[in-house]
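Residue numbers (full-length UniProt numbering): 1 to 247.
What follows is a set of notes on a single structure, which appears directly below.
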């Protein structure tokens, strides 16, 4: 039975027991996808949450995807489920609220300064300029970027995930033109934000988010330290978020 046949059968089954059995088969078929996504997210949430918990959250997302998947939209289930699984994990992590308020405040401070300088200068501010605005040394700013990196990653994950949900799910004809235009603009804004990164920043973001590489692995590829990867990544997130916020 090919994939489309499975979904036609699943959606048409009336017998609850038979449908439940088929759902179990689908869950077992895609449990590996849950583990892959959980493993990637564990790379940077691992010090705060157990891998098994991430898998549990992901399974909830997978079950949700099975119920809501519409095979007639010509989107692969694996693609659709990936968004739902990742979203379910991120939503649960968001609900845990384990990031200290002090880190949130530091992240907001440096993001606000970055946005202010970018608007004032009409270009990306340097670390030196950020340091001057904050009345700190460059090394203190770099340390601040490292300290706030995990929160910046979490908040950007939420942003990317929420926008990707819009992109992949909202294809139905019952969306009014105004909503459709707003969603299209959000997606375009996100693309432009990513395009604004320089080559090395784009590479780090790509390796980290799309390939699931750790800072250590990226550092080996680029021949720079883990902490430097963390700093560049954190600053890249500031650039992306500043542009999304301007939108």
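All C-beta atoms, glycine included, are put in the ideal place defined by N, C-alpha and C.
Around the beta carbon of residue 148, 16 or more other beta carbons sit within 10 angstroms, so the residue counts as buried. Per DSSP, residue 148 lies in no alpha helix (DSSP H) and is assigned neither H nor E.
For residue 95, the uninterrupted alpha helix (DSSP H) segment begins and ends at 77-96.
For residue 61, the enclosing alpha helix (DSSP H) begins and ends at 51-68. Cβ contact annotation for residue 195 (same chain, cutoff 7 Å, sequence separation greater than five): none.
The beta-carbon separation of residue 151 and residue 103, rounded to 5 Å, stays under the 8 Å limit for a contact. Shown here, residue 14 sits in coil according to DSSP, grouped into three states, outside any helix or strand. Taking the C-beta atoms as reference points, residue 64 is found nearer than 8 Å to residue 88. Taking 8 Å as the upper bound for CB-CB distance, residue 127 and residue 141 are in contact here, some 6 Å apart.
Inter-residue distance for residue 38 and residue 218 is about 19 Å (C-alpha atoms, whole angstroms). In the same chain as residue 130, and ignoring 5 residues on each side of it, the C-beta atoms closer than 8 Å to its own belong to 110, 113, 114, 117, 141, in chain order.
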